[in-house]
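I have placed the structure first, in the form of structure tokens, so that the comments after it can refer back to it.
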Amino acid sequence: MTSLAEELTCPVCLDLYEQPVLLPCAHSLCKRCAGDVFAEALRQPPPQPVGQGVAPKHIKCPSCRHEFQLPDLGVDGLRRNTTLQNIVDRYRESKNKSAAPQGVPCEMCDKEPPNDAVKTCQDCSNSYCETCLATFHPMRGGLARHRLTDASTATPKVSMCTEHAQEKVNMYCKTDECLVCSLCKLVGKHKDHEVAAVSDTFQQKKESVGGRVAGLIQLNAEVECFVGKIQETMTKTEAKLSIDT
539 MTSLAEELTC PVCLDLYEQP VLLPCAHSLC KRCAGDVFAE ALRQPPPQPV GQGVAPKHIK
599 CPSCRHEFQL PDLGVDGLRR NTTLQNIVDR YRESKNKSAA PQGVPCEMCD KEPPNDAVKT
659 CQDCSNSYCE TCLATFHPMR GGLARHRLTD ASTATPKVSM CTEHAQEKVN MYCKTDECLV
719 CSLCKLVGKH KDHEVAAVSD TFQQKKESVG GRVAGLIQLN AEVECFVGKI QETMTKTEAK
779 LSIDT
């Protein structure tokens, strides 16, 4: 995302921030770039003396041109912007992540990491390993008409944040009951909301849905058994009628 890259770019070196530090005006610079700006200010001729002393050196922020006094400790006197550094690290990791193809994980497995899926249901939009396919998606009853395809040909589903288009969702906001990304929690509208790991929330909801699915499978089996008995009774009745006539 171009706008995000711009926000994560140092105005001095025009590259992604490295060890960003906060200026008094709330803008940030790379620690090295801040050192260069301070060094350049120190090389300038001293200002005109005021009274008996010498006026302190002042620095201009490269972003907003706000003037502030040179800290006594130089760059070491500035506070590190750890939040910005974490965002930059995640952004860089996502950009450099290998695009090598990976197996499609089963979406119903209890184990971590889950088994590789072997089939993807085009109607349910879920992928299953052999065990979970037999347990949660038996090809009988109403599921018999569902279309199954080889999971290796399916494109892995990646949920992206609706607020930050290039950020994957990795948290569940309990307050708004929706998936959010790290930026939403750090600097977005979910900053003060209670969140939980997606994996934990998924496990809880899967157990709840799994219990209901198991109940429906059992009910379906009972209905099929009942229908079978009715068909058997009808067959016997028809046979008896044919004999009587």
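Each residue of the sequence shown is one higher than the last, beginning at 539 in my numbering.
Backbone N, C-alpha and C fix where the C-beta goes; we use that ideal spot for every residue, glycine too.
Going along the chain, which residues of its own chain have a beta-carbon closer than 8 Å to the beta-carbon of residue i, five neighbours each way excluded?
| i | result |
| --- | --- |
| Val736 | Val707, Asn708, Met709, Tyr710, Leu717 |
| Ser697 | Lys706, Val707, Leu717 |
| Asn758 | Arg678, Gly679, Gly680 |
| Val575 | Val550, Leu567, Ile597, Pro600 |
Any idea what DSSP makes of residue i, helix, strand or coil?
| i | result |
| --- | --- |
| Met665 | For the sequence presented, residue 665 should be read as Ser rather than Met. Residue state, collapsed to three classes: strand. |
| Val559 | strand |
| Ser601 | coil |
| Met772 | helix |
| Cys716 | strand |
| Lys657 | strand |
| Ser697 | coil |
| Lys727 | coil |
| Lys706 | strand |
| Gln607 | strand |
| Leu616 | coil |
| Cys670 | helix |
| Ala735 | strand |
| Asp627 | helix |
| Leu567 | strand |
| Asp574 | helix |
So, for residue i: in the same chain, excluding its five sequence neighbours on each side, which residues have a beta-carbon less than 6 Å away from its beta-carbon?
| i | result |
| --- | --- |
| Ala572 | Val559, Val613 |
| Lys595 | Ala579, Leu608 |
| Asp654 | Gly641 |
| Lys598 | Glu605 |
| Cys699 | Glu705, Val707, Cys719 |
| His731 | Cys711, Thr713 |
Would you decide whether residue i is buried or exposed? Buried here means 16 or more other CB atoms lie within 10 Å of its CB.
| i | result |
| --- | --- |
| Ser720 | buried |
| Val626 | buried |
| Ala638 | Residue placement at Ala638 cannot be trusted, given a pLDDT of 48 that sits under 50; what the coordinates show is reported in the next sentence. When all chains shown are included, Ala638 counts as exposed. |
| Cys602 | exposed |
| His508 | In the structure as shown, the chain begins at 539 and stops at 783. Residue 508 is therefore absent and cannot be evaluated. |
| Asn634 | exposed |
| Gly766 | exposed |
Taking 9 Å as the threshold (C-beta atoms), are residue j and residue i in contact?
| i | j | result |
| --- | --- | --- |
| Tyr629 | Leu546 | yes |
| Lys569 | Leu616 | yes |
| Cys659 | His684 | yes |
| Ala682 | Lys657 | no |
| Gln623 | Tyr555 | yes |
| Cys644 | Cys662 | no |
| Glu760 | Lys727 | no |
Nearest-angstrom Cα distance between residue i and residue j?
| i | j | result |
| --- | --- | --- |
| Pro652 | Val642 | 10 Å |
| Val550 | Pro600 | 7 Å |
| Leu779 | Gln741 | 56 Å |
| Phe764 | Ala734 | 44 Å |
| Ala752 | Lys729 | 38 Å |
| Cys548 | Ala577 | 17 Å |
| Leu724 | Lys743 | 25 Å |
| Thr673 | Thr739 | 21 Å |
| Glu762 | Gln756 | 10 Å |
| Glu715 | Lys649 | 25 Å |
| Thr773 | Thr691 | 45 Å |
| Arg618 | Ser632 | 23 Å |
| Val747 | Glu668 | 19 Å |
Indicate, with yes or no, if the ligand MG has a heavy atom lying under 8 Å from the CB of residue i.
| i | result |
| --- | --- |
| Thr775 | Among the components of this structure there are no ligands whatsoever, and the ligand MG is therefore not found. |
Going by beta carbon distance, what residues of the same chain come within less than 7 Å of residue i, once the five residues before and after it are set aside?
| i | result |
| --- | --- |
| Pro562 | Phe606 |
| Ala564 | none |
| Gln769 | none |
| Pro583 | none |
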